[in-house]
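What follows is a short report on a single structure.
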Amino acid sequence: MLLIKCPWCGNRAESEFNYGGEAGIARPANPDTLTDAEWADYLFMRKNPKGLHQEQWNHAQGCRRWFNAERDTVTYRFTRTWRIGEAPSSTRDVDS
Amino acid sequence: MTSRRLESGGFVDRGKVFEFKFDGRTLKGFAGDTLASALLANDVAVVSRSFKYHRPRGIVSAGADEPNAIMQIGKDDATLPNLRATQTELYNNMVARSTKGWPSVNFDVSAINALFGRVFSAGFYYKTFMRPKRLWRCYERFIRSSAGWGSAPAGNDPDEYAHRNAHCDVLVVGAGPSGLAAAVAASRTGARVILVDEQNEFGGSLLSEDTTIDSVPAMQWLEKTVAELSNCETVQCLTRTTAFGYYDDNFVAAVERCADHLGKPPGQTVRERLWRICAREVVLAQGAFERPLAFCNNDRPGVMMASAVQTYVNRYAVLPGERAVLFTNNDSAYFAAVAFKKAGGLLAAIIDSRQSGAGVTAVTNAVDHGIPIMNGHLVTDVVGKKRVRKAQVAQWSGDTSQTIKNTVSIECDLLMMSGGWSPAVHLHSQAGGKNIWDETHHCFVPGETLQQNRSVGAGAGQWSLMECLQRGGDAGRTTAEACGFVVQAGQTYETPQDQENPIEPLWRVPASRSPDRCAKQFLDFQNDTSVADVRLAVREGYRSIEHVKRYTALGFGTDQGKLGNINGMGVLAEALEVPIAQVGTTTFRPAYTPVTFGAGAGEDIGEIYDPVRKTAMHEWHEMQGAPMEVVGQWLRPWYFPQYGEDIHAAVARECMAARNSLAIMDASTLGKIDVQGRDSVALLERIYTHDVGRMAVGRCAYGIMLGEDGLLMDDGVMARLGEQRFYLTTTTGGAAAVLTWLERWLQTEWPELDVHLTSTTDHWSTIAVVGPKSRELLQKVGCNVSLQRENFPFMTVKDAELGGFPVQLFRVSFSGELAFEVNIGSNYAMAMWELLIDAGQEFQITPYGTETLHVLRAEKGFVIVGQDTDGSVSPVDLKMNWLLSKNKDYLGKRSLQRADLVRTDRKQFVGFVPVDGKTVVAEGTQLVNDPLLPVPTPMCGHITSSYASACLGHPIALGLLQSGHARIGEQVVAAQSDGTYVDMQVVSPVFYDPKSERQNV
Ligand SMILES: [Zn+2]
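Here the protein sequences come in this chain order: A and B. Just so we're aligned, residue 25 is where the first sequence starts under the working numbering, counting upward by one. Just so we're aligned, residue 2 is where the second sequence starts under the working numbering, counting upward by one.
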């Protein structure tokens, strides 16, 4: 079981968290002006990297805050987590 | 029956006699026995029948790798299937049954299968049973009944199980010499250590071997070491505990068998405890498994692993035979032969496949005990069906492609074999570590690790006792140091030094005929996978070990290939003409040995498994005898039967009461969210499709929310309580998801909005008062606000005092009738409910449940999200265009313009009435335009809701129909699951009071 570092609570068991998919997908400001293809890109298209991936997670069984996390999709290891609206720290907690 | 128990020696307690039953026979053993050692002491040779050919099989090993002695232990509801007799401690009055073979292992009706061996060769499932497909059911029944794999108990497990979380600096798995050395070294630094071992006592191989450490008998060193560990406060010692799974972030799961060895757990004892261990560092010292040799008929009872014989002799004081032959390709087995001889057995010969034989130490030892050694020889076959009688021995040049012509017979009733050793790399591999092929010792050893773990001892390919102790101690210090502890200089150990000759691999043994035509040479005993099967798989084109495994069932059984897999890989490598390193291993997955469902579930069973939510009026509903319906985690009354009514009569009565007079319903399970903050309107405008900002304070509105894909997610009435304060209701099942959804947008996308969301689902109880007399009832109990239409119109909300209680009063209706919903603090809800029930007697107030709720709303064509919709339905499909604001953006709005959502042939929401006026078709029934079209007949929709309607006098249904909105007035056909058809008239989904006048009175 992974230990995930909630930026509000600290290290907690993986089972307290929910996964929210890729991070950093901003909702378009004016959806009406987008073509179908542009809208579909926002709606459906997601990265599927082998390696580091930035994701949203929710501390669902804890403080209920959403936060950002960087995770290695090969090793599953969380390399760093940070609060929404803040920049990730320049160093990683662990190597991937 | 002869007793094979030795007069002295071993670790059994001869003063404590246990009686036990095996397949109906009453036998005796001692405390300290395993079931296997007790069976061998009673000279029980045949313990099971093999899976495919039903060949008689005996005990082969003394540990987790046992493929044959798989037992059903215990009786009634406490019975456990698929336990290895070799790892099952004997207790008094144990009832054991072999799980394979029927009606008994000695007479198996299915043994006739063995005569048709060719039919059952590799891939026989695929080739024989897959065609014709329609016969699969017959085949399956035949296969299942002809070879049992144990049986599940009929009732609930009477025993208790527990889970425990634990944290430590260093977890040591395995308490043999290397694990003990590691634990001691780590503990001396002050590190918190957990030491687990699957056996009933620590010691591992030291319990079976006759050797010295630091010039004293190894047993003395063991006692001293175990005492030191037990007395150390920072060390937790767990015997009878199997670490079975290695997961991410050094999380290791282990199961402790607290009471399995007692038969019945005494008092408050749990039967098994699951340990969830978070370790900073892990030392794996799991030891190694000895490999069999693949000669003809190597599965005959009496053929055993050499090390197992040594264990039975030294640890359990059992001589598994009278006259033995040892067949080996390495030095280690010589010591087993000597142990057998020393205990009083006759050792006819050591057959060593190596031309140059064993090293000095082994040879001297054997010669000193008068054991003849035959180097450059093979055992090619054994004679005897239910027990080995003779070994066929031949001289050999060392060429595996050779066939053997001349053999001589050596009489024996025990054939000890050793094909070398395979480190138990299971946990290392589960942790993501790679394995590398050791060209010297011919085995896979742990390579690079991905987590904080290291392997030591035989499990790491370290074979001498000295190396095990030294490396174990090093690992204990290194891991403690990694955890930040200060480490002293390492300890050295002194052990006897052996001079060894290297092993020479022998993956299969040459026989008198080619390996494809000779008698069966088994690789996997449990699945009857032979050398010929693997070679056949290669001839049929299989290359990958993963494919060969699935085609031949190699390594599929309860032992997961612990015994036979490496030999199988060797045979595969030979057939593919590649080095064995290139064949690789199959994937190692948890669990290392089978884990009971009870241990997995722990305390989370029955009522504790999932909380049950009950409303404040729950007990009242129960007292009325209302059957309950499970809705999410809630229990809701389904209907309130009177005087032996069935559901249909009760629902008809409840519906008519709501339509004609007065009815009451507990609607407390509605999800409720309180929204406050400066930007509440701004948030809700983006969530709901209607113009939230245009609602006057005190107004209610029906609102829907869409996913960004434009499809309906949830619905409910929402009310504006203040300029920036709202009260939202959600569906009963959707409450948590909606709150999470709102929170997510608020936190991640619009954190600048000042809004606070609070779930008030449990704080408010909701009572729906429904029917033409509802206003009169509220007036009667006393309400401080005017309830008249002009003062309190439909779809408004007021704070009020009702019968002396403060309430929120909503004038809303999910039935189409004049109705009020009373929100009251849950602590007062029961009092309010009783007040309304008492006052309502003069109007024959009728409580109703979820079934009537559904009928009433269906008569009005109101959608239930999750019943009439399924995540693929847009608001346009539901004809809810009137709810879609053109003045703003909202979640999902852009998607409503996507090509797929503007198609006119989408499935759309409509009503149906059966043309015969009486058939209530089942919900989920598929609709077709023309049932006479050939199969597969194209479907054009399906029924989502269907009821008898008492007030309309005929059945009604709702559903989704392709282009449904344009097909009102047409007919479609409901194709029922029994093959009959019902003509359905397509109608508007609003069956009752289409102008909605009744709710407005
Ligand atoms: Zn948190």
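Yeah, the Cβ is synthetic: ideal placement off N, Cα and C, and Gly gets one too.
Contact under 8 Å by Cβ, residue i with residue j
i, j, result
"B/L928", "B/V974", "yes"
"A/N42", "A/A84", "yes"
"B/T733", "B/W635", "yes"
"B/A42", "B/R5", "yes"
"B/S188", "B/G458", "no"
"B/S816", "B/A949", "no"
"B/L524", "B/S515", "no"
"B/E282", "B/D198", "no"
"B/W742", "B/G826", "no"
"A/L58", "B/S896", "no"
"B/M220", "B/A338", "no"
"B/G556", "B/G565", "yes"
"B/V13", "B/D34", "yes"
"B/S775", "B/F821", "yes"
"B/A260", "B/A481", "no"
Where residue i sits in the DSSP three-state scheme
i, result
"A/E40", "helix"
"B/A244", "strand"
"A/F68", "helix"
"B/F12", "coil"
"B/A664", "strand"
"B/P995", "coil"
"B/V921", "coil"
"B/K387", "coil"
"B/D906", "coil"
"B/A481", "helix"
"B/K343", "helix"
"B/I705", "strand"
"B/T381", "strand"
"B/R679", "coil"
"B/N454", "strand"
"B/V988", "strand"
"B/G288", "coil"
"B/N83", "strand"
"A/N35", "strand"
Residues that DSSP places opposite residue i in a beta bridge
i, result
"B/H164", "B/L275"
"B/S535", "Residue 535 of chain B is actually Val in this sequence, not Ser. Beta-bridge pairing links B/V535 to no other residue."
"B/L239", "B/V197"
"B/L928", "B/G942 and B/A975"
"B/V911", "B/G960"
"B/T530", "B/D525"
"B/M418", "B/M306 and B/F328"
"B/C444", "B/D439"
"B/H757", "B/Q677"
Delimiting residues of the alpha helix (DSSP H) encompassing residue i
i, result
"B/H548", "I546 to T553"
"B/D871", "Note, B/D871: premise wrong, no alpha helix (DSSP H); not H, not E."
"B/K615", "Segment: none, B/K615 is in no alpha helix (DSSP H) and carries neither H nor E."
"B/I838", "S827 to A840"
"A/H77", "Run containing A/H77: none in the alpha helix (DSSP H); it sits in the beta strand (DSSP E), L76 to N82."
"B/F598", "F598 to A602"
"A/T105", "Premise fails: A/T105 lies in the beta strand (DSSP E), F102 to R107, not in any alpha helix (DSSP H)."
"B/P178", "P178 to S188"
Range of the contiguous beta strand (DSSP E) that encloses residue i
i, result
"B/H955", "H955 to Q963"
"A/M25", "First-last for A/M25: undefined, no H or E at that position."
"B/A349", "L347 to D353"
"B/F727", "R726 to T731"
"B/I581", "Not the beta strand (DSSP E): B/I581 falls in the alpha helix (DSSP H), residues I581 to V584."
"B/E802", "T797 to L803"
"B/L636", "W635 to P638"
Q | Under 7 Å, CB to nearest heavy atom of ligand 1: contacting residues | A | A/C30, A/W32, A/C33, A/R36, A/H83, A/G86, A/C87 and A/R89
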